[in-house]
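Visitor:
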Ligand code: CDP
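Residue numbers (the working numbering): 423 to 732.
Right, dumping it as structure tokens:
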């Protein structure tokens, strides 16, 4: 029994209801803490160098460089004639970014009226090509500066781009001229769809710019949070983006992070603001991630919006 405890240390995670109570106790009270912000940026810079490393660039990944996949055991791809030309020269963002909104896809955004608040930021980051249609504008806004796209979305929603690319290119138009951030070198099956997405956009002179997530960065951010008690096979996209924003932005507000089935009014909340499809259970540890983010909220390092916006 003792051995078992060593292999699987038992840690207690508060129940959904306890978290709701804790969040209600704290309320929407929030006080920015510049020292906390600076401290966190320093920690993230030391571990993960977000400014230089968040994307694969010609600068950090020259010809011949071996990219080790962060989501695979011992799999790599060497930068060659085929991939090198697809990388941006260097970090293309004007840094530091001032106010950033990081938008998770939680159902808590539904009827939140946070759209205007989200759009007021200088830089808006969104996860997994979320819907931004008219029905949602009031709650989630319209602006996007960076949006992540998991290769599995390309596979499922756009038939892996093996047939028509028009539906993909057209549906990207809602993201304006933002950056599309794809983990092309995380899992083996994700590379080809990501490269195809690159070409689909480039061949149609799309306004979007493809940035491939740097697997070295993703791995180091994963380690950073593991050291802080997030025990997941893989971090959620949202936590990667919040970590990136904490490294790049002067002020971060997070919306749509609420991986619980009840809301602050104790009413049921759907998993996403647009559907209620639940994630594969053991892959992410979103409630653990939430507890970490809530700590950062309480310490004034970032602001979490979990209720309605005024
Ligand atoms: O692909 P993944 O499951 O990571 O993400 P998603 O369902 O598209 O949602 C984007 C992000 O929002 C997640 O990665 C989480 O960080 C966050 N989220 C949350 O905190 N609570 C929810 N109920 C749903 C998503």
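No residue lacks a Cβ here, since even glycine has one placed at the ideal position from N, Cα and C.
Span of the alpha helix (DSSP H) holding residue 676?
Guide: The residue given as residue 676 occupies position 254 in the chain shown. First-last for residue 676: 671–677, but that is the beta strand (DSSP E), not the alpha helix (DSSP H).
Visitor: Going by the CB atoms, is the gap between residue 577 and residue 658 shorter than 8 Å?
Guide: As a position in the chain shown, residue 658 is number 236, starting the count at 1. As a position in the chain shown, residue 577 is number 155, starting the count at 1. Cβ distance not < 8 Å, so residue 658 and residue 577 don't count as in contact.
Visitor: Should the region 643–659 be regarded as contacting the region 625–635, the criterion being three or more beta carbon pairs within less than 8 Å?
Guide: In short, these stretches do not touch, since the Cβ pair count stays below three.
Visitor: Under a three-way DSSP split, which group does residue 521 fall into?
Guide: Numbered from 1 along the chain shown, position 99 holds the residue referred to as residue 521. In the structure shown, residue 521 sits in a strand (DSSP, three-state: E or B).
Visitor: Taking its Cβ as the centre, do 16 or more other Cβ atoms sit within 10 Å of residue 565, making it buried, or is it exposed?
Guide: Looking up residue 565 in the chain shown gives position 143. With 16 or more other Cβ atoms within 10 Å, it is buried.
Visitor: What would DSSP say about residue 468, mapped onto helix, strand or coil?
Guide: Numbered from its first residue, the chain shown carries residue 468 at position 46. Here residue 468 sits in helix by DSSP.
Visitor: Between the Cα of residue 504 and those of 457, 621 and 495, spot the shortest distance and give me the residue it belongs to.
Guide: As a working mapping, residue 504 is identified with position 82 in the chain shown. Of the listed residues, the one whose Cα sits closest to residue 504 is 621.
Visitor: So for residue 699, helix, strand or coil by DSSP?
Guide: By 1-based counting over the chain shown, the position of residue 699 is 277. Looking at residue 699 - three-state DSSP - the assignment turns out to be coil, as it is neither helix nor strand.
Visitor: State the Cα-Cα distance for the pair residue 536 and residue 560, rounded to the nearest angstrom.
Guide: Against the chain shown, residue 536 aligns to sequence position 114. Against the chain shown, residue 560 aligns to sequence position 138. Taking the straight line joining both Cα atoms gives about 7 Å.
Visitor: Quick check on residue 724: does DSSP put it in helix, strand or coil?
Guide: Here residue 724 refers to the residue found at position 302 when the chain shown is read from its first residue. DSSP places residue 724 in coil when its eight states are reduced to three.
Visitor: Mind checking whether the beta-carbon of residue 694 lies closer than 7 Å to any heavy atom of the ligand CDP?
Guide: Here residue 694 refers to the residue found at position 272 of the chain shown. At least one heavy atom of the ligand CDP is nearer than 7 Å to the Cβ of residue 694, so yes.
Visitor: Taking residue 569 as the reference, give the member of 490, 454, 630 and 685 with the closest Cα.
Guide: As a working mapping, residue 569 is identified with position 147 in the chain shown. Considering only alpha carbons, the answer is 630.
Visitor: Grab the span of the beta strand (DSSP E) containing residue 479 for me, first residue to last.
Guide: Taking the first residue of the chain shown as 1, we reach residue 479 at position 57. No beta strand (DSSP E) holds residue 479; DSSP gives it neither H nor E.
Visitor: Whose C-beta lies closer than 8 Å to the C-beta of residue 429 among residues of the same chain, with five residues either side of it excluded?
Guide: Taking the chain shown and counting its residues from 1, one reaches residue 429 at position 7. For residue 429, the pLDDT reaches just 44, beneath the cut-off of 50, and the residue's location in the model is therefore unreliable, although a value from the coordinates is still provided. Within the same chain, residue 429 has no close Cβ partners at all.
Visitor: Using a Cβ distance threshold of 8 Å, determine whether the region 484–495 contacts the region 519–527, with at least three qualifying pairs required.
Guide: no
Visitor: Does the Cβ of residue 529 lie closer than 7 Å to at least one heavy atom of the ligand CDP?
Guide: Residue numbering aside, residue 529 sits at position 107 when the chain shown is read from its first letter. Residue 529 Cβ: within cutoff of the ligand CDP.
Visitor: Going by DSSP in three states, residue 626 sits in which element: helix, strand or coil?
Guide: Start at 1 with the first residue of the chain shown, and residue 626 comes out as number 204. Coil.
Visitor: Quick check on the DSSP output: what are the complete beta strand (DSSP E) runs of length 3 or more inside the region 584–632, in order along the chain?
Guide: DSSP runs (the beta strand (DSSP E)) wholly in the region 584–632: 601–604.
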